[in-house]
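Protein chains: 2
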Amino acid sequence: MPYRVTAYAPGSVGNVGPGLDILGLAVSGAGDEVTLEWRDDAAIVIADAGHPELPSDPSQHTAAIAAAAVLRRARVARGVTLWARKGLPLSGGQGGSAASAVAGALAADQLAQTNLGAAMLLECALEAESTVSGRHADNVAPSLLGGLILVRSTAPIDVIRLPVPAALRVVLVHPDQQLRTRDARDVLPRAVSRDLALAQAANIAAMVAGACLDDLALLGRGLDDQIAEPARVHLLPGFLEAKAAAREAGALGCSISGAGPTVFALVDSVAGGELVAERMLAAYAKAGVRAVARVAAVDFEGATVR
Amino acid sequence: MPYRVTAYAPGSVGNVGPGLDILGLAVSGAGDEVTLEWRDDAAIVIADAGHPELPSDPSQHTAAIAAAAVLRRARVARGVTLWARKGLPLSGGQGGSAASAVAGALAADQLAQTNLGAAMLLECALEAESTVSGRHADNVAPSLLGGLILVRSTAPIDVIRLPVPAALRVVLVHPDQQLRTRDARDVLPRAVSRDLALAQAANIAAMVAGACLDDLALLGRGLDDQIAEPARVHLLPGFLEAKAAAREAGALGCSISGAGPTVFALVDSVAGGELVAERMLAAYAKAGVRAVARVAAVDFEGATVR
């Protein structure tokens, strides 16, 4: 049994367009890292929460909650000390809480050599994610498994890894703003008209078909969120302008990443992505919002032990 | 220019499970046939409506409405005489009104040699379908194009032909009952909770992924309609018992075909289909409902000129 394990989990775009709570995409280039070390007592102790604003109470930190859930399932009575290294912004809409949870779960699984398997690790990460943003798996699942994930159900867990068109790239634009997931969820409508529900379902189904059939244009046509996006626009100054700029610069589509404030655009090349990023930043600047952008590939590996 | 044309269009399962209005499957073995012949005047005249209960008023018969829509778009001033031959039951939930519309549109297109193309023919058939059951394309699109069709949008028309797993077969069970599409639509909820909308979207997306990835088990797990089916159960005596029997006999899934009363089950072999059909008929019989069943292949050809 190892003495210390470090695991990494990538960030992700949750709520991919119309896929509110059900479609998530792992994104390379930034993620969270969690190190666990056995203790002599039974406590879970956070030595480094990863960020001054993150709780050092292990019952409130997603990495610690997920690690504890794994150790409990593994019937391990021994405690661990935890160090988190945040590569993802807090309340950024890039799946940071999920990545920490996944890295915590995977590190604990490796430390205790329990091999719980993907479904159980997902369950443990979901337990953690639920404490900060509700029981939805569209960030934890891609963060663990990599790629583009359809979450058919969370009870029982049923996630499907979809093919990803090779040319697909993701532009992430992060305005200088924090938006708590809970606040962004509170504005969601509790009910929708049947017509709206069907239109949204048709669009998510089209995105799935576009991914499976390697049809980027179809993926783009389906990227049209009529439920969450309209409800959140007022929380996100500059978003509509940036979205218009993205479409104009040739993006396949553009929407809010997770609960925001990060915005993503899907593009079909790195060069196209750079143009889209530039135009989106210009639109944010014009709206008086500072922002940073990057063009990323899809992360196909998911969480790994380092 | 030909003097007379006959076109055939297959029946279809609309509302495939959670795919209310957006997923349809063309089914082989039964369909409607429409013959058109030029007239010397400008009238559209129905010589044979195809069934005593079908209207002989050309503004009320889907085949005639669709044919007239094609001729109008083709700027043809000449009229036609129309003979319909119904292979599909009336108000059966097997896409009969759509098949007649599609056959009428295709026959007119061939008669006038206009080659309007699939999108325009769909639009003409939709115009006809709208008069009897609302503007939805989940029957007309598979009836015209064949196969499994995702309707992303009807305005503008955007339909996607999905791959179909080779082993897929369809059991159609038709209880001795008529159910007008309009009546079956009136019971649908006008609004649904966000959670329900998302669950339905996840299931339809899973069905699409299952079809694209040749994963029949996934296709079956997604076949779970939580919006239309619960609302219509009370209109369909024996359905719940037949569905339970289908699942028990190994069907991938079972739901209402279109607006009913026909019920369909998806299976992974002809032999499996025969067992499922037998058990479903027994369940209907036990519930005091007479019914007939057949096991069909997917119709990949769609509408054809004969």
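Here the protein sequences come in this chain order: B and F. Numbering-wise (my numbering), the first sequence opens with residue 1 and increments by one. Numbering-wise (my numbering), the second sequence opens with residue 1001 and increments by one. Just so it is clear, CB atoms sit at the ideal spot from N, CA and C, and this is done for glycine as well.
> So the beta strand (DSSP E) phenylalanine 1264 of chain F belongs to, where does it begin and stop?
Replying inline: 1263-1267
>> alanine 26 of chain B and serine 317 of chain B - do their beta-carbons sit closer together than 8 Å?
In response: This structure gives no information on residue 317 of chain B, because the portion of chain B shown stretches from 1 to 306.
>> Taking a contact to mean a Cβ-Cβ separation below 8 Å, would you say leucine 240 of chain B touches leucine 179 of chain B in this structure?
In response: no
>> Would histidine 51 of chain B and leucine 82 of chain B qualify as a contact pair, given that the criterion is a beta-carbon distance under 8 Å?
In response: no
> Would you report the Cα separation of aspartate 21 of chain B and glutamine 200 of chain B, rounded to the nearest angstrom?
Replying inline: 12 Å
> What is the residue span of the beta strand (DSSP E) that tyrosine 1008 of chain F lies within?
Replying inline: 1004-1013
> Along the region 226-256 of chain B, what residues have a CB closer than 8 Å to any CB found in chain F?
Replying inline: Ile227
> glycine 1222 of chain F versus chain B: which residues are under 7 Å apart at the beta carbon?
Replying inline: Arg152
> Among residues of its own chain, excluding the 5 on either side of proline 58 of chain B, which ones have a beta-carbon nearer than 6 Å to its beta-carbon?
Replying inline: Ile44, Ile46, Ala64
> CB-CB under 6 Å to leucine 1088 of chain F, same chain, minus the five flanking residues each way: which ones, in chain order?
Replying inline: Gly1011, Ala1030, Asp1032, Gln1094, Gly1096, Ala1099
> Can you tell me the Cα-Cα spacing of valine 1187 of chain F and alanine 1202 of chain F, whole angstroms?
Replying inline: 23 Å
> Since isoleucine 1046 of chain F meets chain B, which of its residues come closer than 7 Å, beta carbon to beta carbon?
Replying inline: Those do not exist, as isoleucine 1046 of chain F stays about 33 Å from chain B at its closest Cβ, beyond 7 Å.
>> So if I threshold CB-CB distances at 9 Å, which residues from the region 1154-1170 of chain F count as touching chain B?
In response: Asp1158, Ile1160, Leu1162, Pro1163
>> Within 10 Å of its beta-carbon, does glycine 1253 of chain F have 16 or more other beta-carbons around it, so buried, or fewer, so exposed?
In response: buried
> If contact means a Cβ-Cβ distance below 7 Å, which residues of the region 1177-1208 of chain F contact chain B?
Replying inline: Leu1188, Pro1189, Arg1190, Ala1191, Val1192, Ser1193, Arg1194, Ala1197, Leu1198, Gln1200, Ala1201, Ala1202, Asn1203, Ile1204, Ala1205, Ala1206, Val1208
> Given that a residue counts as buried once 16 or more other Cβ atoms are within 10 Å of its Cβ, and exposed if not, what is glutamate 1248 of chain F?
Replying inline: exposed
>> Quick check on DSSP: helix, strand or coil for threonine 131 of chain B?
In response: helix
> Which whole runs of the alpha helix (DSSP H) in the region 1055-1133 of chain F are 4 residues long or more, in chain order?
Replying inline: 1062-1073, 1096-1111, 1118-1133
> What residues match up with threonine 1304 of chain F in a beta bridge as DSSP calls it?
Replying inline: F:Tyr1008
> Can you find a CB in chain F that lies within less than 8 Å of the CB of isoleucine 149 of chain B?
Replying inline: no
> Using a Cβ-Cβ cut-off of 6 Å (strictly less than) and excluding sequence neighbours within five positions of glycine 19 of chain B, which residues of its own chain qualify?
Replying inline: Ile204
> Is glycine 31 of chain B helix, strand or coil when you go by DSSP?
Replying inline: strand
>> In this structure, how does DSSP classify arginine 190 of chain B when only helix, strand and coil are distinguished?
In response: coil
> Can you round the beta-carbon distance between glutamate 278 of chain B and valine 295 of chain B to whole angstroms, since I take them to be within the 8 Å contact cut?
Replying inline: Wrong, their Cβ atoms sit about 10 Å apart, outside the cutoff.
> Among B:Glu53, B:Arg78, B:Val5, which residue has its Cα nearest to the Cα of aspartate 40 of chain B?
Replying inline: B:Arg78
> Which chain B residues sit within Cβ distance under 7 Å of cysteine 1212 of chain F?
Replying inline: Ala209, Cys212, Leu213
>> On the DSSP letters alone, give me the boundaries of the beta strand (DSSP E) that valine 1270 of chain F sits inside.
In response: Where valine 1270 of chain F is concerned, there is no enclosing beta strand (DSSP E), although the alpha helix (DSSP H) it sits in stretches over 1270-1286.
> In whole angstroms, what is the alpha-carbon distance linking serine 1255 of chain F and glutamine 226 of chain B?
Replying inline: 28 Å
>> For threonine 1154 of chain F, which residues in the same chain have their Cβ closer than 8 Å to its Cβ, ignoring the five residues on either side in sequence?
In response: Leu1126, Arg1135, His1136, Ala1137
> Looking at the structure shown, is histidine 1234 of chain F part of a helix, part of a strand, or coil, going by DSSP?
Replying inline: helix
>> Could you give the first and the last residue of the continuous beta strand (DSSP E) run that contains valine 175 of chain B?
In response: Note on identity: in this sequence residue 175 of chain B is proline, with valine being the wrong assignment. First-last of the beta strand (DSSP E) with proline 175 of chain B: 169-175.
>> For the beta strand (DSSP E) containing glycine 1253 of chain F, name the first residue and the last one.
In response: 1253-1256
> When the distance is taken between beta carbons, is valine 151 of chain B closer than 8 Å to valine 159 of chain B?
Replying inline: yes
> If you follow the beta strand (DSSP E) that valine 1308 of chain F is part of, which residue opens it and which one closes it?
Replying inline: Because chain F in this structure spans residues 1001 to 1306, residue 1308 of chain F falls outside the shown range and cannot be described.
>> I'd like to know if aspartate 1138 of chain F contacts chain B, where contact means its C-beta is closer than 8 Å to some C-beta of that chain.
In response: no
>> Buried or exposed, going by whether 16 or more other CB atoms sit within 10 Å of the CB of aspartate 1109 of chain F?
In response: buried
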